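Written out below as structure tokens is the structure these notes cover.
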Amino acid sequence: MSVADPPEIVMPLPRALVHLARRHERDPSAADGDEAARFQERLARLFAREAEAQAAAAVDAPDAPTPDAEVSNRPGVVAPSDELRAVTHRISSQFVDVISQASTELLRGGDADMALARIESALASLGRLASAADDARHTELLDAMHEHVAAYREARSDGRGHARFRDALRAWLPDYATYVGGAMGDKLRRLVEFEADDMPLFRHLESVRGIGPRRLCRLYAAGLFTAEAISEADPADMAAVTGLPRHLAERVVTETRGWRAEQRSQVVLEMKGRLMRFIAVVRGLDAERDPELRRAATDAYEAMRLIVTELEEDHVVG
Amino acid sequence: MRVNVRQRQLELKVVFYGPGLSGKTTNLAWLHDNLPPEARGRLIQLDTEGERTLFFDYFPYDLGTVGDYDIKVDFFTVPGQSFYQATRRAVLDGVDGIIFVADSAPEREAANLLSHDDMRAALEERGRSLDEVPHVYQWNKQDLPNAVSPSVLERMLNPEKAASVTAIAAKGEGVLEAKALVLEEVLVHVSR
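Those sequence lines, one after another, are chains Z and L.
Residue numbering for the first sequence is 10 to 327, as defined by this note's numbering.
Residue numbering for the second sequence is 398 to 589, as defined by this note's numbering.
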């Protein structure tokens, strides 16, 4: 080699192209032409299309924030992508539901200790998700809620704590709703006192010998908040994840299944009662004056009767 | 797949799926420890006190720059226990490639099938089918004395004859191979 012949520097292929090259080597028959070239062409098209879409969106909504996050990449450090934060937000929705339900129960005068335990457990889980995604704003909001809960615990005995917590919650929820956005945010904004369906289950489980509030907290910490999740859980998995003794996990699952079956039976009985009241209304309609209405109501009654019959067959009602 | 125009970055997502304790986290952690440090980001593990995956495990992996564009892959695992279905759905949303980690222990046959059905259902809820999503199978724990043979697992779980690899993830065997196979499939899929 002479000075006139500079050494040929072979740059290593980007890892993406190494994978494509291996694919070709592994299965030449499946490859259709130069995969690397096709990949580059496709990338160019993808980016061109996305850039056009973003430009069009900017014209329609000039004040909207640009979708691409600024990622501060230190050299040699592979930063997490936006997908990490997106995933944590999606998972967070389950815990936001819990905070909504528990807050409602608390404000309705329900079991405060149980409700607070659920709120604190949900906040802890949300905190872990926010921390994993380096989501400072989310962490800040959760810290604020932690402070409200702590203040409520201290002030419960003086009688004004409940009112102050209610006010704090009503101030916090809109901020949190704005942050999470989307359907989750809308749900939080519309938070009104609705039935906290799963609270009766936890009251029932507390009465089971060997359970109690501390062990219930282990269920919450493992993400087991709903009757559906608990009744469909494998007791061995539940014991492994929560640390409950195996025999207790089995009892929790069995008790929850029994509780759900009883709830369903009650729902079916209630529906039958409503159906009887509805047929009385249908019969009271004047067939000559309101023939269309009478026909529609009769059709609706028949459809509902079939549904209730199927439900009765699926859930044996005593 | 996410296209970040400002950063000129293509972000792909690969998820390790499978029943509880099949080796998903083992795979991801081994991968993280054995990929070049300059090519991968921090490993995040959100697990329970008993070290079972509660939410997910995650790390980003840099596939280099092709033309003017950076290619990055996000590797996730999901919690395998049946009652974490909602979390699995949240993680699987928008997936570009799946590595299904099956447990070769004979007593885990039902768990493998349930998890596989759950994966199909999760995709269908989002209007996708397994046939449309690049995926590979890893028959893990082949070192068990009574391990179910790969041919039986193939018949049970892989009628579509997707690529597969045998593995002992705890020793790192079959881990890089599964990663390479799924990335090949994903990148070819992107090319189309």
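Idealized CB from N, CA, C, for every residue including glycine.
Predicted, not measured: the structure shown is a model, and the values here were computed from it.
Determine whether the Cβ of Z/Thr-91 lies closer than 8 Å to any Cβ atom of chain L.
Per the sequence presented here, residue 91 of chain Z reads as Asp, with Thr not at that position. For Z/Asp-91, the nearest CB of chain L lies under 8 Å from its own CB, placing it at the interface with that chain.
In whole angstroms, what separates the C-alpha of L/Arg-403 from that of Z/Ile-100?
It is roughly 27 Å from the alpha-carbon of L/Arg-403 to the alpha-carbon of Z/Ile-100.
Mind reading off the beta-carbon distance from Z/Val-87 to L/Tyr-458? Whole number of angstroms is fine, and I expect it under 8 Å.
About 7 Å; that satisfies the 8 Å criterion.
Exposed or buried, Z/Ile-316, counting other C-beta atoms within 10 Å across all chains shown (16 or more means buried)?
Burial call: exposed.
Quick check: what's the CA-CA separation for Z/Leu-52 versus Z/Glu-271?
The alpha-carbon atoms of Z/Leu-52 and Z/Glu-271 are separated by roughly 57 Å.
Would Z/Phe-56 pass as a contact of Z/Leu-29 if the rule is Cβ separation under 8 Å?
Cβ atoms of Z/Phe-56 and Z/Leu-29: not closer than 8 Å.
Go ahead and pull the three-state DSSP assignment for L/Leu-440.
DSSP, read as helix, strand or coil, puts L/Leu-440 in coil.
Any C-beta of chain Z sitting closer than 8 Å to the C-beta of L/Phe-413?
False, the Cβ-Cβ gap to chain Z never drops below 8 Å.
Tell me the DSSP bridge mates of L/Thr-474?
Residue pairing from DSSP places L/Thr-474 in a beta bridge opposite L/Phe-413.
Answer yes or no: does any C-beta atom of chain L fall closer than 8 Å to that of Z/Phe-48?
Z/Phe-48 counts as touching chain L.
CB contact below 8 Å: L/Thr-462 versus chain Z:
Yes, L/Thr-462 lies at the interface with chain Z (some Cβ there is under 8 Å from its Cβ).
Contact under 8 Å by Cβ, Z/Gly-267 with Z/Arg-227
No, they are not a contact pair.
Compute the distance between the beta-carbons of L/Thr-423 and L/Ala-567, then report whether it is under 8 Å.
Between L/Thr-423 and L/Ala-567, the gap from beta carbon to beta carbon is short of 8 Å.
Output the distance between the C-alpha atoms of Z/Arg-6 and Z/Phe-174, rounded to the nearest integer angstrom.
Residue 6 of chain Z lies beyond the range of chain Z shown here (10 to 327); nothing can be said about it.
By how many angstroms is the C-alpha of Z/Tyr-185 removed from the C-alpha of Z/Ser-130?
Those two C-alpha atoms are separated by around 17 Å.
Per-residue contacts from Z/Val-262 into chain L (C-beta, under 8 Å):
Result: empty, since nearest Cβ-Cβ is about 10 Å, beyond 8 Å.
If you reduce the DSSP assignment to three classes, tell me which class L/Asp-467 lands in.
In this structure, L/Asp-467 counts as strand in the three-state DSSP scheme.
Check L/Ser-526 in the structure and name its three-state DSSP category.
Three-state DSSP puts L/Ser-526 in coil, outside helix and strand.
How about the region 492 to 504 of chain L and the region 405 to 416 of chain L: do they share at least three Cβ pairs that are nearer than 8 Å?
Touching, per the Cβ criterion.
Going by C-alpha distance, which of Z/Thr-187, Z/His-256, Z/Ala-289 is nearest Z/His-98?
Out of Z/Thr-187, Z/His-256, Z/Ala-289, Z/Thr-187 has the C-alpha closest to the C-alpha of Z/His-98.
In the structure shown, what three-state DSSP assignment does L/Phe-456 receive?
Note: L/Phe-456 maps to strand in three-state DSSP.
Taking 8 Å as the CB-CB cut-off, is Z/Asp-206 touching chain L?
With a pLDDT of 47 at Z/Asp-206, under the threshold of 50, the predicted position of this residue should be treated as unreliable, though the coordinate-derived value follows. Interface with chain L (8 Å Cβ-Cβ cutoff): Z/Asp-206 is excluded.
Tell me which residues share the same chain as L/Asp-476 and place their Cβ nearer than 8 Å to its Cβ, disregarding the 5 neighbours each side in the sequence.
In the sequence on display, residue 476 of chain L carries Pro and not Asp. Excluding positions up to five away in sequence, the list reads Gly-417, Arg-449, Thr-450, Leu-451, Phe-452, Phe-453, Thr-484, Arg-485.
Under 7 Å from the C-beta of Z/His-28: neighbouring residues of chain L:
By Cβ distance, chain L contributes Ala-577, Leu-580, Glu-581, Leu-584.
Between the region 475 to 504 of chain L and chain Z, which residues of the former have a C-beta closer than 9 Å to a C-beta of the latter?
Answer in chain order: Pro-476, Gly-477, Gln-478, Ser-479, Phe-480, Tyr-481, Gln-482, Ala-483, Thr-484, Arg-486, Ala-487, Val-488, Asp-490, Gly-491.
So, is the C-beta of Z/Glu-321 closer than 8 Å to a C-beta in chain L?
No, Z/Glu-321 does not count as interfacial toward chain L.
Neighbour list for Z/Arg-137 in chain L, Cβ cutoff strictly below 7 Å:
Going along chain L in sequence order, the residues near Z/Arg-137 (Cβ under 7 Å) are Leu-443.
Is Z/Val-201 close to chain L, meaning its C-beta is less than 8 Å from at least one C-beta of that chain?
At Z/Val-201, the pLDDT of 40 sits below 50, so the modelled position is not reliable; the number obtained from the coordinates is stated separately. With 8 Å as the cut-off, Z/Val-201 does not count as an interface residue toward chain L.
Based on Cα-Cα distance, which residue from Z/Ala-289, Z/Gln-275, Z/His-256 lies nearest to Z/Arg-218?
Scanning Z/Ala-289, Z/Gln-275, Z/His-256 for the CA closest to the CA of Z/Arg-218 turns up Z/His-256.
Does the CB of Z/Pro-300 have a neighbour CB from chain L at under 8 Å?
False, the Cβ-Cβ gap to chain L never drops below 8 Å.
Taking only beta-carbon atoms, is L/Ala-564 less than 8 Å away from chain Z?
Cβ-Cβ to chain Z under 8 Å: no for L/Ala-564.
Is Z/Ser-130 near the ligand MN, with its Cβ less than 7 Å from a heavy atom?
This structure does not include the ligand MN; it has no bound ligands of any sort.
Identify whether L/Leu-407 lies in helix, strand or coil by the three-state DSSP scheme.
In this structure, L/Leu-407 counts as strand in the three-state DSSP scheme.
Give the residues from the region 242 to 263 of chain Z that approach chain L closer than 7 Å (Cβ to any Cβ), ordered along the chain.
Among the residues of the region 242 to 263 of chain Z, those with a Cβ less than 7 Å away from any Cβ of chain L are Ala-242, Asp-243, Asp-246, Ala-249, Val-250, Gly-252, in the order of the chain.
Please decide whether L/Ser-588 counts as near chain Z, where near means a Cβ-Cβ distance under 8 Å.
Interface residue, yes.
Quick test of the definition: if touching needs 3 or more C-beta pairs under 8 Å, does the region 501 to 518 of chain L touch the region 535 to 542 of chain L?
Cβ pair count under 8 Å is three or more, so yes.
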